[in-house]
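Residue numbers (full-length UniProt numbering): 1 to 158.
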C-alpha cells in the first residue's frame, strides 16, 4: 500500500469509529491501517478497544493483536541492538509504553451515556399496540393520530 493510500484508509477507519464506536470491525480496520503507518502502539490500542467491545473475536486476538505485539517486540529488540552497537555495550533503552486504554475515563463514559440516551429516545418514540385478536404491533408515536375506528379496536400496552 502506498503512502497516499494509507492516509485515506486511516481517515476512513477513524470516521467509522467516530460514527459507531461499538463497531468492532472499524476498530480492527483502524488498527490495521495504523500498522501500515508504523504506529504500532496506536494499533495495539485500537485492537484492545475492539477486544473490549467483543472479547469473543478470535481473529482480532490471535492474529492482529498477536502480530502487533510481535512487531513491537521486534522494534524494541532492534532499538536495543542499535543502542548496544552505538554506545559500546552500554544499554539505555527507553521502552515505548503501550497505553492501557482507560475504560473508565470521562470521554468513554460520555460516549456510553450518549449511546444510552439515544437508545432511550428511540424506545420512547415507539408504542406497542395490541389488537383485540391479540396481535402486537410496534408503532412510532410520531406517526400521527389514528382514525377513531382504529382507536376502538386497539388497546395501548405499556
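From the three backbone atoms N, C-alpha and C, an ideal C-beta is built for every residue, glycine too.
Treat the numbers as computed from the prediction; the structure is a model and nothing was measured.
Skipping 5 residues on each side, what residues in its chain have a beta carbon closer than 6 Å to that of residue i?
i: residue 9; result: 33
Quick check: the Cα distance between residue i and residue j, rounded to an integer number of angstroms?
i: residue 52; j: residue 35; result: 19 Å
i: residue 123; j: residue 23; result: 21 Å
i: residue 18; j: residue 12; result: 10 Å
i: residue 66; j: residue 47; result: 10 Å
i: residue 20; j: residue 58; result: 21 Å
i: residue 77; j: residue 84; result: 10 Å
i: residue 68; j: residue 116; result: 32 Å
i: residue 42; j: residue 114; result: 25 Å
i: residue 61; j: residue 25; result: 13 Å
i: residue 14; j: residue 119; result: 23 Å
Between which two residues does the alpha helix (DSSP H) containing residue i stretch?
i: residue 30; result: 24-37
i: residue 63; result: Element bounds for residue 63: n/a, residue is neither H nor E.
i: residue 43; result: 40-53
Apart from the five residues just before and just after residue i, which ones in its own chain have a Cβ nearer than 8 Å to its Cβ?
i: residue 112; result: none
i: residue 71; result: 35 and 40
Going by the CB atoms, is the gap between residue j and residue i shorter than 9 Å?
i: residue 44; j: residue 75; result: no
i: residue 64; j: residue 38; result: no
i: residue 6; j: residue 27; result: no
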